[in-house]
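Down below is the structure, laid out as structure tokens.
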Amino acid sequence: MMKVFASSMFFILLCILHMSFSCSGQAAASISIAAPMEKAEQEALYSTIQSFVGKWWNGSDLYPDPCGWTPIQGVSCDLSNGLWYVTSLDIGPVHDNSLNCAPNADFGPHLFALKHLKSLSFFNCFVSPHHLLTIPTDKWESLADSLESLEFRSNPGLVGQIPATFGGLKNLQSLVLIQNGLSSKIPTDIGNLSNLKRLVLSQNQITGKIPDSLGSLSGLLILDLSRNLLSGPLPHTLGKLTSLLKLDLSSNQLAGSIQGELRNLKNLTLLDLSRNRFSGGLTKSFQEMSSVEELVLSNNPVGGDIMSLNWQNLKCLLVLDLSNMSLTGGIPDSIAELKRLRFLGLNDNNLAGDIPPRIGALPNISAIYLNGNYLTGELKFSELFYGKMGRRFGAWNNTNLCYPIELKSTGHAPYGVKPCHQEATTLHENISDLDEKSNLGKGDLNHDSHPTVSLAFPSFASNGLCLCYIFLCELFMIALDFSLTRFAW
């Protein structure tokens, strides 16, 4: 009886404890939801949004509790000392009910009063060609202690320079300025952002050289300066970015040789230097990038021998694009050791020789482009290979390349390549014509009638030595006949 009583009491006690925890949790949640927002913070938020969205936007009526029960799309808040503060602000049509910018959107002074802001983003906000805007150069220091992420994406109406004052945002981890109208040079002050992990300045009109100061960003993981107007050589300091995972400098006007310091980037998974003006041959530092998965160097007048590198060292390679680089030599057989390779682009170079059959057996390959070279011989890939690849196997514009005739009936013949029998037949016909013409010349010499000069001798031009001999013999016979006739007379 006592055991039953004790068990019942223990069960009741558990229920009481559970109820108390539930109630205290609900109370805490109620306190969190009902937490006030500092009036100055609330007014700064309303004024900031209004400066971008338009004067019609009345935040106090629409969203009286912006961090509580009437949240604003694109606004996030955190509690600090029992008060709500704005920590994230996204302006632009990211979602259906996002804050869309007005044609006359502008940066108001109240933006810099949001002292707890960690993330600030503008997407497709400044787009009007009739209302061009520049990023303010001052007051960013007021966000230096809090801001960790700053993004401007797809704002063609945002022009001018990148503010040097961005270099004072000491806690910034991500600076993304993509597809805007920004110009001028990259500020050297960006090199002061010691906590920066991602720097993306692509698809602008940025000019000048890549500053040496970027080599100070030792913790940088992503560096993308693609699709700008950058010029000059690669700075040696890029070799100091040993944490870098992705380096994209494509579609600029960069020139000079590709620096050997790149060998220090042991963690790099993507290197894209395509569509620049690099020259000076392939650096052996490439073969030391054992972690690289995408190596894209196409459309540069680099030159040099493709056979000079040990390609089998790049075991992780998925994409290898060396097209239109004025490379010489043959296709390295070591490429067949890259078992993870999916894309191989060697087109539009000066490569010669046979194509190694082993590259067709790469287990993950989905595209091979070898067109526009001086490759020769017979293609020795399987019918299954051609069926799998289709037009993604490019071998056209190699005049001395052919495929086995039996593939013609299968419907899997490689596009733009001739069957091998056509070349052999043409050669046989040329030899037969030459023999026939040579025999015709011999027949003229043995003719019984008086010899006369043939007016058709140019038709024997394919065998010039024989023609000269025949012509001289005929002249000799004419002269002899003339002499005998006079003597008889």
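Counted the way mature numbering (1 follows the signal peptide of the UniProt record, and there is no 0) counts, the sequence shown spans residues -25 to -1, 1 to 464.
Yeah, the Cβ is synthetic: ideal placement off N, Cα and C, and Gly gets one too.
All values derive from a computational prediction rather than experimental measurement.
Report all residues from its chain with a CB closer than 8 angstroms to the CB of Val392; omit the five preceding and five following residues, and keep chain order. Leu354, Ala370, Trp371, Asn373, Leu376, Cys377, Tyr378
Closest by C-alpha distance to residue 519, when choosing among Lys241, Asn170, Ser177, Phe141: Residue 519 falls outside the range modelled here, since the chain spans only -25 to 464, and no answer is possible.
Do Glu269 and Leu245 have their beta-carbon atoms positioned less than 8 angstroms apart in this structure? yes
Nearest-angstrom Cα distance between Leu64 and Ser103? 22 angstroms
Taking Cβ to Cβ, would you say Ile153 is nearer than 8 angstroms to Leu189? no
Are there any heavy atoms of the ligand PLP lying less than 7 angstroms away from the beta-carbon of Leu176, as far as the coordinates show? The model depicted lacks the ligand PLP and carries no ligand whatsoever.
Tell me the residue span of the alpha helix (DSSP H) that contains Gly34. 34 to 37
Starting from Gly279, trace the beta strand (DSSP E) both ways and give me its first and last residue. Where Gly279 is concerned, there is no enclosing beta strand (DSSP E), because DSSP gives it neither an H nor an E.
Close beta carbons around Asn79, own chain, < 6 angstroms, minus the five adjacent residues each side: His106
Of the residues Thr112, Leu295, Gly278, Cys291, the one placed nearest Ile343, counting alpha carbons only: Leu295
Go ahead and pull the three-state DSSP assignment for Tyr361. helix
Grab the span of the alpha helix (DSSP H) containing Ile197 for me, first residue to last. No alpha helix (DSSP H) contains Ile197, which is instead part of the beta strand (DSSP E) from 197 to 199.
Enumerate in chain order the residues of its own chain whose CB-to-CB distance from Trp31 is below 6 angstroms, with the five nearest sequence positions on each side excluded. none
Per DSSP, what are the beta-bridge partners of residue 488 in this structure? This structure cannot speak to residue 488, because the chain is shown only from -25 to 464.
Which same chain residues, not among the five before or five after Ser193, have their C-beta less than 8 angstroms away from its C-beta? Ser169, Lys215, Leu216, Thr217, Ser218
Beta-carbon separation (whole angstroms), Asp308 vs Val271, contact threshold 8 angstroms: Contact flag wrong, Cβ pair sits at about 22 angstroms.
Hey, out of Ser283, Ser158, Gln148, Gly143, whose CA is closest to Leu174's CA? Gln148
Rank Gln17, Phe27, Gly49, Val28 by C-alpha distance to the C-alpha of Pro39 and give the top, closest one. Gln17
Taking its Cβ as the centre, do 16 or more other Cβ atoms sit within 10 Å of Leu54, making it buried, or is it exposed? exposed
Under a Cβ-count criterion, where at least 16 other Cβ atoms within 10 Å of its own Cβ denotes burial, should Asn72 be classed as buried or exposed? exposed
Outcome for Ile380 when other beta-carbon atoms lying within 10 angstroms are tallied against a minimum of 16: exposed
Terminal residues of the continuous alpha helix (DSSP H) containing Phe87? Taken as a continuous stretch (DSSP letters only), Phe87 belongs to no alpha helix (DSSP H), as it is neither H nor E.
So, at 6 angstroms on beta carbons, what are the nonlocal neighbours of Pro111 in its own chain, with the 5 sequence-adjacent residues on each side left out? Phe82
Could you spell out where the alpha helix (DSSP H) holding Ser63 opens and where it closes? Not the alpha helix (DSSP H): Ser63 falls in the beta strand (DSSP E), residues 58 to 66.
Does the distance from the C-beta atom of Gly183 to that of Leu205 stay below 8 angstroms? Yes.
When you compare each of Ser26, Ser117, Lys241, Pro210 to Leu92 by their alpha carbons, which one comes out closest? Ser117
So what does DSSP say about Val294, is it helix, strand or coil? strand
Given a cut-off of 8 angstroms, decide if Asp323 and Gly347 are closer than it, judged by their beta-carbon atoms. yes
So what does DSSP say about Thr303, is it helix, strand or coil? strand
Measuring only the C-alpha atoms, how far is Leu289 from His70? 42 angstroms
Would you mind sorting Asp113 into buried or exposed? The rule is 16 or more other CB atoms within 10 Å of its CB. exposed
Using beta-carbon positions only, say whether Thr62 and Ser94 come within less than 8 angstroms of one another. yes
Which same chain residues end up closer than 8 angstroms to Glu13 when comparing Cβ atoms and leaving out the 5 residues on each side of it in sequence? Around Glu13: Leu58, Trp59, Tyr60.
Taking the straight line between their C-alpha atoms, what separation do you get for Ser299 and Phe87? First, the residue type needs correcting, since residue 299 is Asn and not Ser in the sequence shown. Each residue's Cα considered, the two are about 49 angstroms apart.
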